[in-house]
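Number 323 in full-length UniProt numbering belongs to position 323 of the sequence shown; there are no gaps in the numbering.
Quick reminder that beta carbons are idealized off the backbone N, C-alpha and C, glycines included.
These numbers were taken from a predicted model, which means no experiment stands behind them.
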Amino acid sequence: CLWSDEGAADDPRTKIGHAEWINLIAFAGDILIDSYSIRFQKMDTRGQSTTTSESLEENSRRWTSLTHYVHFHGGNRVISRVLVASNGIAAVKCIRSMRKWAYSELGIENALQFICMATPEDLAANAEYILLADEVTEVPGGPNNNNYANVELIADIAERKNVDAVWAGWGHASENPQLPHRLSRTSRQVVFLGPGAQAMHDLGDKIGSTIIAQSAGVPCIAWSGSGVVLDNIHDRANVAIPDELYKSACVLTLDDALRAGDTVGYPLMVKASEGGGGKGIRKVLSREELPAAYAQVQAEVLGSPVFLMRLFAGGRHLEVQILA
């Protein structure tokens, strides 16, 4: 928060705000540092704050390089080259935020190098993130499975460009567990800046995430997997859902669905675990409506596991951001 003392015209603090940052920096996913620093910030004519030269000089004297900073804090791998596997405002925010941190924490704005992917469409539009990039590599245009959502393409560029880490932004390949898995198998073992493949798979899957939630004691609405719990839920290093346990929460056939529906109760929802955006979900008011709804959900999201859940009318959708 920023403030200034009132009633002290000669006090230099009337022109200086106070700011406190908590910086969370993850190095290679195996060390997490929370660095608290209190610095003075000078207020400009628009009321915006800019870090004073004194604090920047102090940091630049303290840290001679990014490598020095990482090793001082016990890190064992320096991430200095980042592939931005996204475009638009996501890529802009990534580059600006990381450069701002590098400048305020190290006094070295170019401590990190950003390699950006760009389609012919982005290049023709002279997209802002391209102007911010240190290097740009052109990728095929068209649908995102040709470029920003193409896991093999991202991994190939990461290796060719000798990057240390990949940041995928949001959308595109950012929620695909195959990306961190594939990057871990590169010759450089490129780091994915985000959740691990297992966490992404389990929590990105509607059935898996509900099993984990009820195993942790979170109250859940009645569903086809009610009572299915993990024995190792408190083993945080190895929370994985066995295939057989996962399947026991699914409805694999119409007969399974009818039996589960009688147990769960009506009205209910038929859901595809991999569905989204309004696809793979149907409301069912009675047993007679279930066969048609079940077939529709299967057809809309081919190959996806299907489950049933009791309809909760009048609910509110609340989201909480979690650092994994």
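Secondary structure of residue i, DSSP reduced to three states
i: W21; result: Because W21 carries a pLDDT of 33, less than 50, the predicted location of this residue cannot be relied on, and the following value inherits that uncertainty. Strand, per DSSP.
i: I95; result: helix
i: Q130; result: The displayed chain sequence assigns Ile, not Gln, to residue 130. Helix, per DSSP.
i: R259; result: helix
i: Q178; result: helix
i: R316; result: coil
i: T51; result: Low confidence applies to T51: its pLDDT is 49, below 50, so where it sits in the model is not reliable enough to give any reading.
i: L252; result: coil
i: A165; result: strand
i: G278; result: coil
i: R310; result: strand
i: Q321; result: coil
Nearest to residue i (by Cα), restricted to the options the options
i: H73; options: R62, V82, R81, L83; result: R62
i: S286; options: G277, G303, A295, G265; result: G265
i: T64; options: A102, V191, A173, A90; result: A102
i: W170; options: A293, E105, G88; result: G88
i: A260; options: M309, I212, A125, K100; result: M309
i: A118; options: T186, L112, D134; result: D134
i: E175; options: E138, P219, I79, F192; result: F192
i: M235; options: K93, A216, N110; result: Going by the sequence as given, residue 235 is Asp instead of Met. Of K93, A216, N110, the residue nearest in Cα terms is A216.
i: R300; options: G75, K271, P120; result: Arg is not the amino acid found at residue 300; the sequence shown has Glu there. Residue K271 is the option with its Cα nearest to E300.
Cβ-based neighbour list, residue i, same chain, cut-off 6 Å, excluding 5 preceding and 5 following
i: L203; result: S209
i: I95; result: F114, L132
i: E274; result: V301, S304
Span of the alpha helix (DSSP H) around residue i
i: E159; result: 151-160
i: A299; result: 290-300
i: V70; result: 66-72
Beta carbon proximity, residue i to chain D, threshold 9 Å
i: H73; result: Reference to chain D is not applicable here, since this structure consists of a single protein chain.
Own chain residues within Cβ distance below 7 Å of residue i, not counting five before or after
i: A91; result: V84, C116, Y129, G169
i: A158; result: L83, V166, L183, T186, V190
Start-to-end residues for the beta strand (DSSP E) that takes in residue i
i: Q113; result: 113-118
i: V82; result: 81-84
Problem - Cβ contact (3+ pairs, closer than 8 Å) linking the stretch 220-229 and the stretch 194-202 - result: The stretch 220-229 is not in contact with the stretch 194-202.
Problem - the stretch 250-260 touching the stretch 275-295, judged by at least three CB pairs closer than 8 Å - result: yes
Exercise for the section: Would you check if there are 3 or more beta carbon pairs closer than 8 Å linking the stretch 227-235 to the stretch 169-187? Expected result: no
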